[in-house]
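Below: one structure, written as structure tokens.
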């Protein structure tokens, strides 16, 4: 960096016997020097410090020290480098020991914004005396990640399984020196050469998000170009995970390998073959690592040059400085001051200065990893352009867990973000702490504010009038027993008001039931904790009434409304005894009747816990003539008839899918089903990322489509008006009542490409007992999770997601088509007229959903194209097949030419 106008001061300097002033380190002359004072005796004792004032805040990424050239006395040994923007508050950026040589020493560190840099010499390199000296000091400009997403490599080191150092300089460190003329090369002398495989390992010195590797072959020849390779990562250098493998061609071009973002400190490239088979060699000119991107165009913002300040910090007993939340290390923390006693009282604040106005849409808070004290409980997040005037962006309460917490809020332009902690999560004391704080940029799609409920919404049903019914069990936060009553609440989607919990006393605890919407719009809820009971809910009157008991008591079964207006159910050994939960069917006229020829056996998975788990949450879809298609979660699919005594016939296996318990299945088009995720067993079994399509229009055809970005069990799927499918929540290994490794970022599947896109992350984990529903404004409600009594994973809340089809690239809302008039009722097969604000020819009918335990057999999408459009009025011919247009209440969406849906009109298909 240019040193024009800079000044230097020192703790002491020798000016009586020589010109050893501090300013000499900036004069450009190697013949002058700063030297600590030695006369009059005794000499000034170590440590000595010299401070550079650059006269303005700037990005600094390193320090160069040239020792004196006329002797050895005073060469710096053990050192510390600190930086400051004020000259008062200092932050350590590097420590170490310089060798006792005359060569220039370079120290790189993560770029920081600072005005002052202080070198403190704690020892003399040769132990010749209590002296320190320097001929020249230079500072290096801070280097942030390049636009291509390459991580800055300052301070990193590289080691190799072997390296050629006798014939050439083939050391591993050359892959990090920024020069294409130097290389790492495996050892070839003395003969024989070190055999393949060879490894080179990058130590980034701190855990960070890594999403790829770039390998540049040597430029001066071909020997050692890597062919077959594998890439592994580690957080500790001991336990390694595979992230990528393959074969590179025998060319000199730079090779890039991207992989799902991981948090790691170490990256190891293993070369198992030489690309041209020229010999047992491996080489590399440069190796770069890529920034991990878990969400396209989203995720944590780069923190290069940012600073953090706090209302208070513990610095006398530990290094609890605010800046630790930005250092990329989970082992360092900010901690509020506790000594000397009394401790600084709550609230405590920590403020991030990003140094420039930018779009910010969320905050991630990682609690300390070495203990529990200071975990933030109740919090508030505010933003500011100038550090003076603040606006509230979010507030809430975090659970007392070590998991990283994410808060998303409406994107704002701001420079400063302040987190205020008003309580300690465990009420252990007046403390606050944090290991890391990240800020989130704009995302694909967006989440609205968290909506609080008086209960855990473990089940939900969309109602006419822009309302949503939710319920839990006998308790708002727990289940168990058969108490005969249920807690319920209704969200008014127009006002955002959630009603107080209402005790529904029909002799029925409706936890873990089967749910179905009837042709007249009523909701039928069967089984669960009171395993033989049936309850009917009338949305028009908000009235609950008891229905006839089932023939077989059951819980965790699935219901589906058939084309005849009846309700079929099967399975459900969680409640009412285990096994023999054969099919039965309900009708408004006759109540429940058994289907003796529909045994449950062929619909079950091979769960190690037997029928208790193997017959749960069946994926059922209504088809023509009262038939039902069972798509899973068993790998075998079945056709079921509900007429007479019923029948069940195999429809073959779901392609190469294994059993997929707690996966999900969604009908996204007429007779077309997408299945996602799930695991071979109900819990403690690795989930899959696989997805399959099933077409039941002409026979049954099942095929694998694109995999999700991550594996999921306990996830919820939602069909969207444009035919895409939204999937949210879940875990890679399903563990009830746990948020461990919760999948925070939803995904959306495009039927035209078979590919998935990762979306903006949720604020709250949604795992076991969570729900998701399509809303009339084409947004999606996601909520719940837990219901485990006195536990830390009860989520009495929900969030509403705005899909990308409603947003412009800048995050603003797209203009939408409008429905001006549409009929409130219509029979299947009829012709209706729909008037819109502008001519529209494409529409979608979406059956209103009911959901619990990921099962939503009511939702289905029926695309409808106008047979004629006159002015702004479209003529629609509704399908006559009630196996397609199953009777019930639907959302009618108008779709413009860009696939943007209107707010829906409600229509009941009789």
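Residue numbers (the working numbering): 1008 to 1917.
C-beta atoms are modelled at their ideal positions from N, C-alpha and C, and glycine is treated no differently.
Judged by beta-carbon spacing, residue 1546 lies beyond the 9 angstroms limit of residue 1532, meaning their Cβ atoms are not closer than that value.
Look at residue 1895 here: in three-state DSSP terms it is strand. Using a C-beta cut-off of 8 angstroms, the region 1015-1031 makes contact with the region 1043-1052, since at least three inter-stretch Cβ pairs fall below that distance. Between the region 1283-1292 and the region 1182-1193 there are three or more C-beta pairs closer than 8 angstroms, enough to call the two in contact. Nearest C-alpha to residue 1274 among 1237, 1287 and 1877: 1237. A straight-line Cα-Cα distance of about 15 angstroms links residue 1280 and residue 1222. Non-local C-beta neighbours of residue 1535 in its own chain, meaning closer than 7 angstroms and more than five positions away in sequence, comprise 1516, 1517, 1518, 1519, 1520, 1562 and 1582, ordered along the chain. Contact check for residue 1898 against residue 1728 passes: the beta carbons are separated by less than 9 angstroms. Within the region 1329-1407, no run of alpha helix (DSSP H) at least 4 residues long lies entirely inside it.
Closest by C-alpha distance to residue 1593, out of 1541, 1625, 1392 and 1626, is 1541.
In the DSSP annotation of this structure, the continuous segment of the alpha helix (DSSP H) that includes residue 1619 starts and ends at 1618-1621. Collapsing the DSSP output to three states places residue 1689 in coil. Around the beta carbon of residue 1075, 16 or more other beta carbons lie within 10 angstroms, which makes this residue buried.
Counting the other Cβ atoms within 10 Å of the Cβ of residue 1849 gives 16 or more, which makes it buried. Unbroken beta strand (DSSP E) stretches of 3 residues or longer found wholly inside the region 1428-1490: 1443-1447, 1466-1470 and 1474-1478, given in chain order. When the beta-carbon positions are compared, residue 1723 and residue 1713 stay at least 9 angstroms from each other.
Inter-segment contact for the region 1775-1793 and the region 1739-1751 is present: three or more beta-carbon pairs are separated by less than 8 angstroms. Here residue 1031 carries a helix assignment [DSSP, helix/strand/coil]. For residue 1731, there is no enclosing beta strand (DSSP E), as DSSP gives it neither H nor E. In the three-state scheme derived from DSSP, where H, G and I count as helix and E and B as strand, residue 1812 is classed as helix. Among the bridge pairs identified by DSSP, residue 1421 is matched with 1365. In the structure shown, the three-state DSSP call for residue 1096 is coil. Between the C-alpha atoms of residue 1739 and residue 1658 there is a straight-line separation of about 29 angstroms. Counting only runs of at least 3 residues, the region 1716-1791 fully encloses the following beta strand (DSSP E) elements, listed from N- to C-terminal order: 1723-1726, 1732-1735, 1754-1757, 1762-1765, 1777-1781 and 1787-1791. Ranked by how close their Cα comes to the Cα of residue 1094, the residues 1059, 1103, 1106 and 1101 have 1059 in first place. DSSP places residue 1582 outside both helix and strand once states are collapsed to three, so it counts as coil. Linking residue 1915 to residue 1788 through their CA atoms gives a straight-line distance of about 22 angstroms. According to the DSSP secondary-structure assignment, residue 1868 is paired through a beta bridge with 1853. The criterion of a C-beta distance shorter than 9 angstroms is satisfied by residue 1771 and residue 1804. Here DSSP, grouped into helix, strand and coil, assigns residue 1501 to coil. Here the region 1332-1340 makes contact with the region 1213-1220; the two share three or more CB pairs at distances below 8 angstroms. Three or more Cβ pairs closer than 8 angstroms define a contact, and the region 1564-1576 meets that threshold against the region 1857-1876. By the Cβ neighbour-count rule, residue 1376 is exposed, with fewer than 16 other Cβ atoms within 10 Å of its own. Counting the other CB atoms within 10 Å of its CB gives residue 1529 a total of 16 or more, which places it among the buried residues. Annotation: residue 1037 to residue 1071 spans about 13 angstroms, alpha carbon to alpha carbon.
Secondary structure at residue 1231: coil, using DSSP grouped into helix, strand and coil.
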